[in-house]
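Asker: Protein chains in written order, with my numbering: chain R, 1 to 294; chain H, 1 to 292. Think of the CB as a built atom: it goes at the ideal place given N, C-alpha and C, for glycine as much as any other residue. It should be emphasised that the depicted structure is a prediction, and the values quoted were computed from it without experimental measurement. Below is one structure. I have some questions about it.
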Amino acid sequence: MTTMKHPGSKKKARTAGLYIVLYAALIFCAMITLVPFAYLLCASLKPSEIFFDNLFLPSGDGLFGVGWDKLNLDHFYRLFAQEGFARPILNSTFFASVSGVLATLFAAMSGYALAKYRFWGRETITKLVLAALVVPGALLFAPVYQQLYWFGMLDSYSGLIIPALAPAFGVYLFRQATINSVPTELLESARIDGCGEIKIFFTFVLPLIRPMMGAFLLLTFLGSWNNFIGAQIVLQTPEKMPLAVAINQLRGVYGTDYGLIMAGTVVSILPVLGLFLLLQKEFLSGLTAGAVKG
Amino acid sequence: MNSGYPKWAPYVFVTPFVAVFAVFMAYPMLYSVVLSLQQTFGPKRSQFVFLDNFSYLLTDPLFWKAMWNTFVFAAGSVFIQLPLSLGLAMLLNHPKVRGRIFFRLIFFAPALVGTVFIAIMFGLMFSRDGLINFTFHGLFAGFDPEFPWLERFVMGSLILAALWQFVGFNMIYFLAALQNVSKDLTEAAMVDGAGPWPRFLNVTIPAIRPVASFVVLLSLIGSFQLFELAWVLLNNSGGPNDQGLTVVMYLYQSGFINGKLGYASAIGWVLAVLLMCFALIQHRVGRAGEES
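Structural data, given as structure tokens:
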């Protein structure tokens, strides 16, 4: 409202100009961001025979010169009826849910312990967690593969899930979140009231670090849902493959059917988009909590 | 002094993480150090060669090519993508903007798409008669309508695809940082008659410095591990003339395709040391911002 103190036509014109520039820039960027999505959606609805005839929608004599009648859901139908995509979707859902929930819980528990308890080994663990942040994941491919072989965990989901349950980045984030949003006095007064340590964590601490729980759950779910290289290394049986690998395998089998792959991509986005809309508020505030007080 | 909790309590909380960490992070890290000192011939036979892998690495032209490509990609992320993220965040942070949540959702959406899917989709869009050539030719009539992106401009194509993927993701960090910039400080600078550019340099930048340095570090760590996007986009290879070969791709090729696990581990450790240097620099820069 402060800008209204000295109303003048010049100022108004400048404000209007500013508005136009601001929105023009935002809308331009939003359009660029959305174009690949529009492309994807169109590609998933176009029949394979006319896939390359037009960039977006097939031409025809419908509204806006588009052949709306040529669009159909055949790719989606084929994906499930012929290619059996229900299985990879189920695999990915299982893998992403289990590793997402467990990794978040483990990270929250140790992040909390590192922030609020003094104990032997605390310094060492904190330093190791920070060091692990910069270790390239690819460095561990070969040794972990060998370990999984020793433990008989190759070609199984336990071989994919268990190594993913030590998320150093998550522990770091939850340590920050606990320091920032869990007051030590609260824990002390709960103890005086005779509350056990585990109950304190679940009833007092978890609700306070909820934004970070949401953010990290979404991040790890997303990571496992779209996991590609890990699954390719660990799994062998075709029926066990997650969505990303199954879709990549559609490439080049009988000449690549891009419509089918694009339909698979749409299917892969919908669940995570839903989860994101559900956890949006937590996600955005949680994600940044680790950075704002670094 | 007892702080009022039983001594076992912290161990209950850290044990699940520490157990998995010890087995699947700490041990493999140590093991990869040992591996990096060995020459391996497939999975069974190996012999100690001490630092030979590393000295060979220094003279391996493919390694340096991969390093250079990865460097170019990281530079693209830091100098093109992050300024765009900051710019978008500043647009969205403008007090006059309505529909902030709506725009934020749109800009973030690409981060939800898996890298493999992005690679396949951009592979189509980068093709000779694909969407990107169509757009550029439409904007600039002189642009070659059949420009072979994935043959002549490989790293540039990867930077473009990653730009779409991550610009909104990084914007979220900047937006949160900007929302924490003290309004009093900005207003005081306005009262002093500071124009938008000095205000940006003297108020905004110092205030978002800790977050910005954190985002730069995350972006560097991510960029230097570029693999999946390039691997799928270039059809499981380094592309024509290895123009798209990245460090992690070279590691993967050496270890998993050619069976030289020792050499692959040496590549991985060089990368790890490089990333550690970045982290140490970030630590310094971030701290310096906090003190002032």
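Compare the C-beta of Trp164 (chain H) with all C-beta atoms of chain R and state if any pair is closer than 9 angstroms.
Answerer: At least one chain R Cβ lies under 9 angstroms of Trp164 (chain H).
Asker: Leaving aside the five residues before and after Ala266 (chain H) along the sequence, list all residues of the same chain whose C-beta is less than 7 angstroms from its C-beta, in chain order.
Answerer: Cβ neighbours of Ala266 (chain H) beyond the five flanking positions: Ser36, Asn53, Phe54 and Leu57.
Asker: Would you check if the distance between the CB atom of Phe228 (chain R) and the CB atom of Leu275 (chain R) is smaller than 9 angstroms?
Answerer: The answer is no: Cβ separation not under 9 angstroms.
Asker: Alpha carbon to alpha carbon, how far is Leu261 (chain H) from Gly286 (chain R)?
Answerer: Going by the C-alpha atoms only, they are around 39 angstroms apart.
Asker: At a Cβ threshold of 9 angstroms, is Gly4 (chain H) touching chain R?
Answerer: Gly4 (chain H) counts as touching chain R.
Asker: In terms of DSSP beta bridges, what is Phe48 (chain H) paired with?
Answerer: The partner list for Phe48 (chain H) (beta bridge, DSSP) reads H:Gln38.
Asker: Going by Cα to Cα distance, which pick from R:Ile27, R:Phe28 and R:Asn54 is closest to Tyr39 (chain R)?
Answerer: When only C-alpha atoms are compared, the closest one is R:Asn54.
Asker: Let me check understanding here. Comparing Cα to Cα, which of R:Ala107, R:Gly159, R:Ala81 and R:Tyr23 lies closest to Leu217 (chain R)?
Answerer: It is R:Ala107.
Asker: At 4 residues or longer, what runs of the alpha helix (DSSP H) sit wholly inside the region 231-277 of chain H?
Answerer: Those alpha helix (DSSP H) runs which fall completely within the region 231-277 of chain H and span 4+ residues are 247-252.
Asker: By Cβ distance, which residues of its chain are closer than 7 angstroms to Tyr173 (chain H), with the 5 residues on each side in sequence left out?
Answerer: Excluding sequence neighbours, Tyr173 (chain H) sits near Val211 and Val215.
Asker: In chain order, what residues of the same chain have a beta carbon less than 6 angstroms from the beta carbon of Phe63 (chain H), not counting five sequence neighbours either side?
Answerer: The answer, listed in chain order, is Leu57.
Asker: Would you verify that the beta carbon of Trp68 (chain R) is, or is not, closer than 9 angstroms to some beta carbon of chain H?
Answerer: So no, Trp68 (chain R) is outside the interface.
Asker: Using a threshold of 9 angstroms, state whether the C-beta atoms of Ala66 (chain H) and Glu228 (chain H) are closer than that.
Answerer: No, the pair does not count as a contact, with Cβ atoms beyond the cut-off.
Asker: Taking the C-alpha atoms as reference points, what is the distance between Ala96 (chain R) and Pro110 (chain H)?
Answerer: Spanning the two alpha carbons is a distance of roughly 19 angstroms.
Asker: What are the residues in the region 181-197 of chain R lying within 7 angstroms of chain H by C-beta distance?
Answerer: Going along the region 181-197 of chain R in chain order, one finds Glu188, Arg191 and Glu197 with a Cβ nearer than 7 angstroms to chain H.
Asker: For Ala19 (chain H) and Glu197 (chain R), which I take to be in contact (beta-carbon distance under 8 angstroms), what is that distance rounded to the nearest angstrom?
Answerer: Not confirmed; about 19 angstroms, so no contact.
Asker: Between the alpha carbons of Val181 (chain H) and Gly100 (chain R), how many angstroms are there, rounded?
Answerer: Going from the Cα of Val181 (chain H) to the Cα of Gly100 (chain R) covers about 33 angstroms.
Asker: Does DSSP put Ser59 (chain R) in a helix, in a strand, or in coil?
Answerer: Strand, per DSSP.
Asker: Applying the 10 Å Cβ sphere with the 16-neighbour rule, what's the burial state of Gln179 (chain H)?
Answerer: Burial call: exposed.
Asker: Out of curiosity, what's the CA-to-CA distance linking Leu217 (chain H) and Ile50 (chain R)?
Answerer: Between Leu217 (chain H) and Ile50 (chain R), the C-alpha separation is close to 45 angstroms.
Asker: For a minimum of 4 consecutive residues, which ranges assigned as the alpha helix (DSSP H) are wholly contained in the region 204-242 of chain R?
Answerer: Entirely contained in the region 204-242 of chain R, the alpha helix (DSSP H) runs reaching 4 residues are, in chain order, 210-225 and 229-234.
Asker: So, are the CB atoms of Phe13 (chain H) and Ala113 (chain R) less than 9 angstroms apart?
Answerer: Yes, Cβ-Cβ distance for Phe13 (chain H) and Ala113 (chain R) is below 9 angstroms.
Asker: For Pro148 (chain H), would you say it is in contact with chain R, using Cβ-to-Cβ distances shorter than 9 angstroms as the test?
Answerer: Not one chain R Cβ lies under 9 angstroms of Pro148 (chain H).
Asker: Straight-line CA distance for Gly255 (chain H) to Ala161 (chain H)?
Answerer: Roughly 27 angstroms between the two C-alpha positions.
Asker: If you reduce the DSSP assignment to three classes, tell me which class Arg14 (chain R) lands in.
Answerer: It is helical.
Asker: Output, in chain order, the set of chain R residues within a Cβ distance shorter than 7 angstroms of Phe200 (chain H).
Answerer: Ordered by position in chain R, no residue passes the 7 angstroms Cβ test against Phe200 (chain H), which lies about 16 angstroms from the chain.
Asker: Counting only beta-carbon separations shorter than 9 angstroms, does Lys5 (chain R) have a partner in chain H?
Answerer: Legend: pLDDT at Lys5 (chain R) = 49, less than 50; position of this residue unreliable, no value from coordinates given.
Asker: Just curious, the alpha helix (DSSP H) that Tyr112 (chain R) is in, first and last residue?
Answerer: Run containing Tyr112 (chain R): Ala86 to Lys116, per the alpha helix (DSSP H) assignment.
Asker: Evaluate the contact criterion for the region 264-271 of chain R versus the region 231-248 of chain R: three or more CB pairs, one atom per stretch, below 8 angstroms.
Answerer: Yes, they touch.
Asker: For Ala230 (chain H), which of H:Tyr252, H:Arg128 and H:Gly87 has the nearest alpha-carbon?
Answerer: Taking only the C-alpha atoms, the option nearest Ala230 (chain H) is H:Tyr252.
Asker: List the residues of chain H whose Cβ lies closer than 9 angstroms to the Cβ of Gln147 (chain R), in chain order.
Answerer: Simply Val23, Phe24, Tyr27, Pro28 and Tyr31.
Asker: Closer than 7 angstroms by C-beta to Met1 (chain H): which residues in its own chain qualify, once you throw out the five before and the five after it? Chain order, please.
Answerer: Any answer about Met1 (chain H) is weak, because its pLDDT of 40 lies below 50 and its placement is not dependable; what the coordinates show is given next. For Met1 (chain H), where only same-chain residues beyond five positions count, there are no Cβ hits under 7 angstroms.
Asker: Let me check one thing: in DSSP terms, what residues is Val66 (chain R) bridge-paired to?
Answerer: Answer is R:Ser59.
Asker: Give, in chain order, every residue of the region 266-280 of chain R whose Cβ lies closer than 7 angstroms to some Cβ of chain H.
Answerer: Those residues of the region 266-280 of chain R that come within reach of chain H (Cβ to Cβ, closer than 7 angstroms) are Ser268, Ile269, Val272, Leu273 and Phe276.
Asker: Please classify His94 (chain H): does DSSP put it in a helix, a strand, or coil?
Answerer: Here His94 (chain H) sits in coil by DSSP.
Asker: Give the residues of chain R in contact with Ser265 (chain H), contact being defined as C-beta atoms less than 7 angstroms apart.
Answerer: Those are Leu139 and Ala142, listed as they occur along chain R.
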